[in-house]
Amino acid sequence: MMLVRYLSQIGKYFIMLKEIFNKPTKWSVMKQLILKEIDDLIIGSLGIVAFISFFVGGVVSIQTALNLTNPLIPKYLVGFATRQSVILEFAPTFISIIMAGKMGSFITSSIGTMRVTEQIDALEVMGVNSLNYLVFPKIIALLLYPFVIGLSMFLGILGGWMAAVYGGFTSSYEFITGLQTEFIPFHIAYAFIKTFSFALLLATIPSFHGYYMKGGALEVGQASTVSFVWTSVAIILMNFILTQLLLS
Amino acid sequence: MIEVKNIVKKFGDQTVLKGISTRFEAGMTNLIIGQSGSGKTVFLKTLLGIHTPDGGTISFDGRIYSELSNDEKRALRTEIGMVFQGSALFDSMTVEENVGFPLKMFTKKTPKEIKERVDFVIERVNLTNAHYKRPSEISGGMQKRVAIARAIVNNPKYLFCDEPNSGLDPKTAIVIDNLIQEITKEYNITTVINTHDMNSVMEIGEKIVFLKNGLLEWEGTNKKIFKTANEAVTDFVYSSELFKRVRKMYLEDDVK
Numbered sequence: 580m581m582l583v584r585y586l587s588q589i590g591k592y593f594i595m596l597k598e599i600f601n602k603p604t605k606w607s608v609m610k611q612l613i614l615k616e617i618d619d620l621i622i623g624s625l626g627i628v629a630f631i632s633f634f635v636g637g638v639v640s641i642q643t644a645l646n647l648t649n650p651l652i653p654k655y656l657v658g659f660a661t662r663q664s665v666i667l668e669f670a671p672t673f674i675s676i677i678m679a680g681k682m683g684s685f686i687t688s689s690i691g692t693m694r695v696t697e698q699i700d701a702l703e704v705m706g707v708n709s710l711n712y713l714v715f716p717k718i719i720a721l722l723l724y725p726f727v728i729g730l731s732m733f734l735g736i737l738g739g740w741m742a743a744v745y746g747g748f749t750s751s752y753e754f755i756t757g758l759q760t761e762f763i764p765f766h767i768a769y770a771f772i773k774t775f776s777f778a779l780l781l782a783t784i785p786s787f788h789g790y791y792m793k794g795g796a797l798e799v800g801q802a803s804t805v806s807f808v809w810t811s812v813a814i815i816l817m818n819f820i821l822t823q824l825l826l827s
Numbered sequence: 352m353i354e355v356k357n358i359v360k361k362f363g364d365q366t367v368l369k370g371i372s373t374r375f376e377a378g379m380t381n382l383i384i385g386q387s388g389s390g391k392t393v394f395l396k397t398l399l400g401i402h403t404p405d406g407g408t409i410s411f412d413g414r415i416y417s418e419l420s421n422d423e424k425r426a427l428r429t430e431i432g433m434v435f436q437g438s439a440l441f442d443s444m445t446v447e448e449n450v451g452f453p454l455k456m457f458t459k460k461t462p463k464e465i466k467e468r469v470d471f472v473i474e475r476v477n478l479t480n481a482h483y484k485r486p487s488e489i490s491g492g493m494q495k496r497v498a499i500a501r502a503i504v505n506n507p508k509y510l511f512c513d514e515p516n517s518g519l520d521p522k523t524a525i526v527i528d529n530l531i532q533e534i535t536k537e538y539n540i541t542t543v544i545n546t547h548d549m550n551s552v553m554e555i556g557e558k559i560v561f562l563k564n565g566l567l568e569w570e571g572t573n574k575k576i577f578k579t580a581n582e583a584v585t586d587f588v589y590s591s592e593l594f595k596r597v598r599k600m601y602l603e604d605d606v607k
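If you read the protein sequences in the order shown, they are chains A and B. All letters in the first sequence, in the order written, are residues 580 to 827 by our numbering. All letters in the second sequence, in the order written, are residues 352 to 607 by our numbering.
Structure, rendered in structure tokens:
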């Protein structure tokens, strides 16, 4: 019974994806909606992403340095490990999970509130395709999400460099040598392919939970929690699948 | 004019509307009344196209809704204005933006033309000094006026109101009722109001449709409702002592 319910929800999600692209909203209106979403979702996330990335990069660097106790292991591995951790997993995947909490709950609660206060009904009665009006601008705004992840990569490595050098674990030269060691440019492409996929999930799964929620204020809160859980699950699964496909 | 023929609506095994037929004329305030659970909200939402009926037809000036293409349905919806129970104003917009929204979405008017029309409509609903305020910054009565302004800004042929004066004080409720009736007459709109406010029934009920258990139990005017012998209607309308006395006085005056 539970499986049937999950399958039906997944089917409903894909029908929603199709409906988002039907009957587009007038461009002059859509343009403003996209700019507003860029401000809310992208610009509004930069501060927290910068803060977390910088300090987690620093922690990765310190942890690596503290675990390299064998004198035969070169110090430049601190830079190497920080680069690999930040670029391959921390920035694209873990920042996305954090964003599932920040952006996702914002999207679910704002759309959910519109549902319970009949604002979505008002759009539909007027003849507006409410899914296109509400969700499409979020998808377009999140095309800029790789920019956020690029910033996270840069600040994560910068944080690692500062912690390693100013903490006295390695020299700047050693850390930078580590950053350049065995660098595979495809890893950057892999990280950004993941980021684009996660951006689509971040825009649509929370929207789905907000749009189809039923009830009142309490249910809006519950929908935000459920949306965070399912967005995180989807990101982790997508991460596994893409890693298998692209790196195996 | 909206004509409803034998509308049936089911949710699972439960039949909420059991074959309702009636007609709502243009230039009149048509009221749907009934107890909670009688099916009046489902009826209104079915008329609006939010619920798809399981049987029967709804025609808007001869256009049968179920036979229209999706594009024709969307075009018809631009002819409909709706005042929701909770006003349903867009929180992220100012009063002016809320009222101008249908014009921005569905017309090719320039920003100047939109501004002129919005100013005119806001003035028409007697709303002052609220243009740049957000819905959360104005009172419930003002929100209702904004909702009415938004509903009529694009010259709708049909106006639907779901309990337009719920949550308002009696004085403001009468003002809102009268405003809706004035606008209905002024622009010859087919207005359908879902209410359980007996003041509205007495004040503006030019046609009243009484629903009971998903069936049309009685229909008539606010004058006829005083004289009706239908027990279900009298039980519902004259449930308070005040209205019982008002009815008694009305009937005594009528005999004299």
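All residues carry an ideal CB built from backbone N, CA and C; glycine is no exception.
Query raised in the report: From what residue to what residue does the beta strand (DSSP E) around residue 433/B run?
Result: For the purposes of this step, residue 433/B is taken as the residue at position 82 of the second sequence. Looking at the DSSP string, the run of the beta strand (DSSP E) that includes residue 433/B is 431–434.
Query raised in the report: Is residue 466/B closer than 9 Å to residue 605/A when the C-beta atoms are compared?
Result: By 1-based counting over the first sequence, the position of residue 605/A is 26. By 1-based counting over the second sequence, the position of residue 466/B is 115. Not a contact, by the Cβ cut-off of 9 Å.
Query raised in the report: By how many angstroms is the C-alpha of residue 780/A removed from the C-alpha of residue 824/A?
Result: Here the question's residue 824/A lines up with position 245 in the first sequence. Here the question's residue 780/A lines up with position 201 in the first sequence. Cα to Cα, residue 824/A sits roughly 18 Å from residue 780/A.
Requested in this report: Report the rounded CA-to-CA distance for residue 715/A versus residue 552/B, giving the unit in angstroms.
Outcome: Sequence index remark: in the first sequence, residue 715/A carries index 136 (1-based). Sequence index remark: in the second sequence, residue 552/B carries index 201 (1-based). Separation of residue 715/A and residue 552/B (C-alpha to C-alpha, rounded to the nearest whole angstrom) is 43 Å.
**Report entry** the segment 680–711 of chain A: positions lying closer than 7 Å to chain B by Cβ
**Finding:** 696, 697, 698, 700, 701, 703, 704, 705, 706, 707
Report task. Under 7 Å between beta-carbons, which chain A residues line up against residue 437/B? List them in chain order, please. Result -> Mapped onto the second sequence, residue 437/B falls at position 86. Chain A residues near residue 437/B: 696, 697.
**Report entry** Residues in the segment 441–474 of chain B having any Cβ partner in chain A nearer than 9 Å
**Finding:** 441, 442, 443, 452, 453, 455, 456, 457
**Report entry** Beta-carbon proximity check, residue 486/B vs residue 520/B, cutoff 9 Å
**Finding:** Locating residue 486/B in the second sequence gives position 135, where the first residue counts as 1. Locating residue 520/B in the second sequence gives position 169, where the first residue counts as 1. Not closer than 9 Å, so no.
Requested in this report: Can you say whether residue 391/B is buried or exposed, counting buried as having 16 or more other CB atoms within 10 angstroms of its CB?
Outcome: Working through the second sequence from its first residue, we reach residue 391/B at position 40. Classification of residue 391/B: buried, given that the 10 Å Cβ count is 16 or more.
Requested in this report: Rounded to whole angstroms, what's the CA-CA distance from residue 749/A to residue 631/A? Just pull it up for me.
Outcome: What you label residue 749/A is simply residue 170 of the first sequence in a count that begins at 1. What you label residue 631/A is simply residue 52 of the first sequence in a count that begins at 1. Their backbone Cα atoms lie some 23 Å apart in a straight line.
Query raised in the report: Hey, is residue 583/A's beta-carbon within less than 9 Å of any beta-carbon in chain B?
Result: The residue labelled residue 583/A in the question sits at position 4 within the first sequence. Residue 583/A does not count as touching chain B.
Report task. Report buried or exposed for residue 591/A, applying the criterion of at least 16 other Cβ atoms within 10 angstroms of its Cβ. Result -> As a working mapping, residue 591/A is identified with position 12 in the first sequence. With fewer than 16 Cβ atoms within 10 Å of its Cβ, residue 591/A is classed as exposed.
Query raised in the report: Thinking just about the alpha-carbon of each residue, which of 805/A, 797/A, 822/A, 685/A is nearest to the one in residue 770/A?
Result: Within the first sequence, residue 770/A is the residue found at index 191, counting from 1. When only C-alpha atoms are compared, the closest one is 822/A.
Requested in this report: Between the Cα of residue 469/B and those of 447/B, 371/B, 457/B, 488/B, spot the shortest distance and give me the residue it belongs to.
Outcome: Along the second sequence, read from residue 1 onward, the residue named residue 469/B stands at position 118. Per the Cα distances, 447/B.
Requested in this report: Could you say which of 365/B, 594/B, 432/B lies nearest to residue 405/B if we only look at CA atoms?
Outcome: For this step, residue 405/B is matched to residue 54 along the second sequence. Of 365/B, 594/B, 432/B, the residue nearest in Cα terms is 365/B.
Query raised in the report: Under 8 Å Cβ-Cβ, which residues of chain B neighbour residue 608/A?
Result: Residue numbering aside, residue 608/A sits at position 29 when the first sequence is read from its first letter. Going along chain B in sequence order, the residues near residue 608/A (Cβ under 8 Å) are 455, 456.
Query raised in the report: Does the beta carbon of residue 424/B come closer than 9 Å to any beta carbon on chain A?
Result: Indexing the second sequence from 1 puts residue 424/B at position 73. Yes, contact with chain A.
Requested in this report: Give the secondary structure of residue 793/A by DSSP, where H, G and I count as helix, E and B as strand, and everything else as coil.
Outcome: In the first sequence, the residue the question calls residue 793/A occupies position 214. Reduced to three states, the DSSP call for residue 793/A is coil.
Query - Residue from 569/B, 502/B, 549/B whose Cα sits closest to the Cα of residue 475/B - result: The residue given as residue 475/B occupies position 124 in the second sequence. With distances taken between Cα atoms, residue 475/B lies closest to 502/B.
**Report entry** According to DSSP, residues forming a beta bridge with residue 571/B
**Finding:** The count along the second sequence starts at 1 and reaches residue 571/B at position 220. Partner(s): 559/B.
**Report entry** Contact the segment 684–702 of chain A vs the segment 639–656 of chain A: 3+ CB pairs below 8 Å
**Finding:** Touching, no.
Query raised in the report: Start and end of the alpha helix (DSSP H) containing residue 602/A?
Result: By one-based count along the first sequence, residue 602/A stands at place 23. In this chain, residue 602/A is not harboured by any alpha helix (DSSP H), its DSSP state being neither H nor E.
Query raised in the report: Which chain B residues are close to residue 597/A, counting only those with a beta carbon under 7 Å from its beta carbon?
Result: Within the first sequence, residue 597/A is the residue found at index 18, counting from 1. Residues of chain B whose Cβ lies closer than 7 Å to the Cβ of residue 597/A do not exist; the shortest such Cβ separation is about 14 Å.
Report task. Alpha carbon to alpha carbon, how far is residue 617/A from residue 731/A? Give it in angstroms, no decimals. Result -> Taking the first residue of the first sequence as position 1, residue 731/A is located at position 152. Taking the first residue of the first sequence as position 1, residue 617/A is located at position 38. Cα to Cα, the separation comes out at about 17 Å.
Query raised in the report: Would DSSP call residue 376/B helix, strand or coil?
Result: The sequence position of residue 376/B within the second sequence is 25, counting from 1. Residue state, collapsed to three classes: coil.
Query raised in the report: What are the boundary residues of the alpha helix (DSSP H) that includes residue 535/B?
Result: Taking the first residue of the second sequence as position 1, residue 535/B is located at position 184. Taken as a continuous stretch (DSSP letters only), the alpha helix (DSSP H) holding residue 535/B covers 521–538.
Requested in this report: List in chain order: all unbroken alpha helix (DSSP H) runs of 4+ residues lying wholly within the segment 396–445 of chain B.
Outcome: 421–428
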